[in-house]
Amino acid sequence: MSTVLITGANRGLGLEFCRQYVQSGWTTIACCRDPGGAVELNKLASQYNNIQIETLDISDLDQIDKLSHKLADLPIDVLINNAGIYANDRIRASGQPDYQAWNKSFLVNTQAPVKMAEDFLPQIKRSEKKLIVSISSLMGSITDNTSGGSILYRSSKAALNSAMKCLALALKEQSVGVLILHPGWVKTDMGGINALINANESVSGMRSVIDNFSLEQSGCFVKYDGTKLPW
Ligand code: NAP
């Protein structure tokens with residue numbers, strides 16, 4: 033049976049990934065900051081026995097180390113770096129970026145996914161599928177950026193793309209794949225109510241891309257419907 037580990041599983045796309053993988057029979061490690069307050073996840077855990085909820089704030093790199101040690105013996109087929117933040121860069125009256133919020137964006141959106149990949153690499157290498165997935169955003173595409181704005185978010189996702197491409201090249205020899213996914217504009221707390229698609233559609237599409245992944249695609253930036261995206 034396959035195993036998936038998902039960060040940011042409390043709500044939005046992370047929760048939907050958990051729902052779909054649990055219902056498909058995968059062993060699902062659902063990581064969230066506050067398991068006690070994770071109402072929907074706990075409901076899922078009361079209905080299915082193939083889900084395990086773990087505490088993880090990815091901005092605390094020591095917590096990543098500890099969880100990796102705790103799960104040292106578990107082969108992980110697919111790691112999904114889903115947790116992310118959108119820091120509003122217009123918050124300051126001066127109009128200047130909030131540099132602390134920018135650091136936090138890089139920590140959560142860029143560095144933590146790399147740390148997850150590095151720390152869980154032994155478990156991933158021992159699995160069948162051997163795949164690291166990072167949920168990025170089309171807003172991290174420099175080619176696609178024609179409107180500007182959202183400097184903190186865009187730059188942290190562009191850096192995530194760059195870091196994941198490096199990992200893809202470094203890990204290919206070991207048959208470990210890296211996939212960078214854009215989920216579409218999705219109705220979640222982050223995407224808002226005007227978004228174009230719901231979480232079910234986005235995650236169904238991303239799961240299909242994940243299911244059909246082959247190592248030649250490693251390091252590619254792909255939309256939830258399988259379309260290849262420009263950097
Ligand atoms: P969301 O509804 O805002 O949910 C974000 C999730 O990330 C929450 O579960 C949150 O945990 C978790 N999270 C934030 N900081 C964390 C931390 N330090 N440690 C652990 N978990 C943390 O967002 P979403 O729409 O589901 O987004 C999921 C991913 O898709 C993100 O990487 C986002 O950038 C990307 N994305 C989304 C869209 C969209 O339209 N929605 C578009 C492009 C890309 P809590 O519940 O504890 O706060």
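The C-terminal residue of the sequence shown carries number 263 in my numbering, and the numbering is unbroken. Note that the Cβ used here is the ideal one computed from N, Cα and C, for glycine as well. The structure displayed is predicted, hence computed values, not measured ones.
Limits of the unbroken beta strand (DSSP E) element including residue i
i	result
Val54	Counting along the chain, Val54 falls outside any beta strand (DSSP E), though it belongs to the alpha helix (DSSP H) covering 44–55.
Gln84	83–87
Lys255	253–255
Asn113	110–113
Leu99	From DSSP, Leu99 is part of no beta strand (DSSP E) but of the alpha helix (DSSP H) over 93–102.
Ser166	163–167
Ala62	59–64
Leu213	209–214
Rounded Cβ spacing between residue i and residue j (contact assumed at less than 8 Å)
i	j	result
Leu45	Val218	6 Å
Arg239	Gln52	6 Å
Met33	Thr59	6 Å
Ile96	Lys157	About 17 Å; that fails the 8 Å criterion.
Asp121	Leu184	5 Å
Ala191	Phe152	Actually they do not touch by this definition, with Cβ atoms about 20 Å apart.
Leu76	Val54	6 Å
Residue j beta carbon less than 8 Å from that of residue i
i	j	result
Ile85	Ile167	no
Lys189	Asn135	no
Leu213	Val241	yes
Leu73	Ala41	yes
Ala149	Leu199	yes
Asn193	Phe253	yes
Leu106	Thr35	yes
Met196	Tyr118	no
Trp263	Thr178	no
Gly216	Lys255	yes
Asn82	Gly57	yes
Gly251	Leu201	yes
Ser159	Met171	no
Thr39	Ala115	yes
Residue span of the alpha helix (DSSP H) that contains residue i, given as start and end
i	result
Asn232	231–243
Ser78	71–79
Ala195	183–203
Leu37	Unbroken run through Leu37 is the beta strand (DSSP E), 35–38; no alpha helix (DSSP H).
Asn135	131–138
Ala227	Premise fails: Ala227 is in no alpha helix (DSSP H) and is neither H nor E.
Asp221	From DSSP, Asp221 is part of no alpha helix (DSSP H); its letter is neither H nor E.
Leu153	144–157
The ligand GDP heavy atom lying under 7 Å from the CB of residue i
i	result
Thr39	Summarising the ligand content, the structure contains the ligand NAP and does not contain the ligand GDP.
Exercise for the section: Flag this pair as touching only if the region 87–101 and the region 60–70 have three or more C-beta atom pairs under 8 Å; answer yes or no. Expected result: yes
Practice task
Please determine if the region 227–242 and the region 48–55 are in contact, where contact requires at least 3 C-beta pairs separated by less than 8 Å.
Solution key: yes
Practice task
Count the C-beta pairs between the region 149–169 and the region 100–115 that are closer than 8 Å, then say yes if the count reaches three, no if not.
Solution key: yes
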